[in-house]
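**Q** The sequence shown begins at 639 in my numbering and counts up one residue at a time. Even glycine gets a Cβ: it sits at the ideal position worked out from N, Cα and C. Below is the structure I would like to discuss, written out as structure tokens.
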Amino acid sequence: MKLTVREVAKMFDTTERAIERWLRDEGMPHETVHGQRRFHRADLLEWATNRGIRLSSDAASSVRGIPLRTYFTDALAASGVHEHVAAKDRESALRALVDRMGIDDPGDRDMLFEVLLARENAGSTGVGDGIAIPHVRHPVVLDVDAASITLCYLEPPIEFGAIDGKPVHTLFAIVAPTPRAHLTLLARLAGVLHDPEFRRAVLDRTPGEALLPLARSAELRFAAANPSADEPMIAGSDREEGEG
């Protein structure tokens, strides 16, 4: 589902005038449909993460019926933190990432690798400080029971075409059972990466057993600062979220 200017203003807890300024001066991604500006949520999440712009608390609460207080941490624990992942370029890094995402079907793994590679060729998902979040505009939904996040520390860091030009040493990737779950985790990941303690730990390539408690603390701080993020606030079905 594409968003209107008014919906985007609500998403960022700002005014429509501010959205117009971001469109003019900050390259906010959009398309024009019948003379009206329309926005894809995944594009906006990536754009906001690149620029350090925070979402409203409501924007991080879009999974109906799922307790979100530690949704990100639980998803990260499900797939885990993978250290010393060898890669020599973007292609080998993405292949190594997909191979660690817990996807059983070889066909699904190949499909996901191809769409992630195509996305990177169209524009890097490197968000700065050596971090990248490979994803596609329309979330890829796989036949899984629960969402998971895979974190890979690359060795050595590789050129990824990131926004700040720095080599990438850390990849995050999401597997989710619905488009809504995928976008919620993407928003929550963007929010948790704004937490100074958690971000520092990621930049230091902290191992999983030490990183998960820090992730949980960061997510609880986020939930405390944004109480409505524990409630499903964004209307519309999962099917609608994936359309457009």
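By Cβ distance, which residues of its chain are closer than 7 Å to Arg738, with the 5 residues on each side in sequence left out?
**A** Counting only Cβ-Cβ distances below 7 Å, and skipping sequence neighbours, we find His720, Thr788, Cys790.
**Q** Buried or exposed, going by whether 16 or more other CB atoms sit within 10 Å of the CB of Gly665?
**A** Exposed, because fewer than 16 other Cβ atoms sit within 10 Å of the Cβ of Gly665.
**Q** Which of helix, strand or coil does DSSP assign to Ala725?
**A** Of the three classes helix, strand and coil, the one that applies to Ala725 here is coil, per DSSP.
**Q** Grab me the residues of Pro795's own chain with a C-beta within less than 7 Å of its C-beta, minus the 5 sequence neighbours each way, in chain order.
**A** These residues qualify, in order along the chain: Gly768, Pro805, Val806, His807.
**Q** Which residues in the same chain have their Cβ closer than 6 Å to the Cβ of Ile812, if we skip the five residues on either side of it in sequence?
**A** Closer than 6 Å at Cβ, skipping near neighbours: Ile787, His820, Leu823.
**Q** For a test of the three-state rule: what should DSSP assign to Val736, helix, strand or coil?
**A** Of the three classes helix, strand and coil, the one that applies to Val736 here is helix, per DSSP.
**Q** Which two residues bound the contiguous alpha helix (DSSP H) that contains Ser855?
**A** Per DSSP, Ser855 belongs to the alpha helix (DSSP H) from 846-863.
**Q** What are the partner residues of Val719, as DSSP defines its beta bridges?
**A** Partner(s): Leu789.
**Q** Under 8 Å by Cβ, that's how I've got Ala715 and Leu850 pegged, so tell me the actual separation to the nearest angstrom.
**A** Contact holds; Cβ gap of about 6 Å.
**Q** Determine the direct distance from the alpha carbon of Arg733 to that of Ala770, and round the result to whole angstroms.
**A** Ala770 and Arg733: Cα-Cα distance of roughly 14 Å.
**Q** Could you tell me which of Ala784, Ser762, Arg676 sits nearest to Pro817, measuring between CA atoms?
**A** The shortest Cα separation from Pro817 among Ala784, Ser762, Arg676 belongs to Ala784.
**Q** Are the CB atoms of Thr763 and Ala853 nearer to each other than 7 Å?
**A** Taking 7 Å as the Cβ cut-off, Thr763 and Ala853 do not qualify as a contacting pair.
**Q** Out of curiosity, what's the CA-to-CA distance linking Thr844 and Phe836?
**A** Going by the C-alpha atoms only, they are around 10 Å apart.
**Q** If you drop the 5 nearest sequence neighbours on each side, which residues of the same chain put their C-beta closer than 8 Å to that of Asp727?
**A** The answer, listed in chain order, is Ile796, Glu797.
**Q** Mind checking whether Leu641 and Leu735 have CB atoms under 7 Å apart?
**A** No. Outside cutoff.
**Q** So, under 8 Å CB-CB, Ala828 and Leu661 are touching, yes? Tell me the CB distance rounded to an integer number of Å.
**A** Going by Cβ atoms, the distance from Ala828 to Leu661 rounds to 20 Å, so no, they are not a contact pair.
**Q** Roughly how far, in whole angstroms, is the beta-carbon of Leu831 from the beta-carbon of Thr687, given that I think they are within contact range, below 8 Å?
**A** Yes, they are in contact, since the Cβ atoms of Leu831 and Thr687 sit about 7 Å apart, within 8 Å.
**Q** Tell whether a beta-carbon distance below 7 Å holds between Ala856 and Asp842.
**A** Against a cut-off of 7 Å, the Cβ pair of Asp842 and Ala856 comes out as no contact.
**Q** For Glu729, which option in Asp651, Pro744, Asp681, Leu750 has the closest C-alpha, if you only look at C-alpha atoms?
**A** For the residues Asp651, Pro744, Asp681, Leu750, the minimum Cα distance to Glu729 belongs to Leu750.
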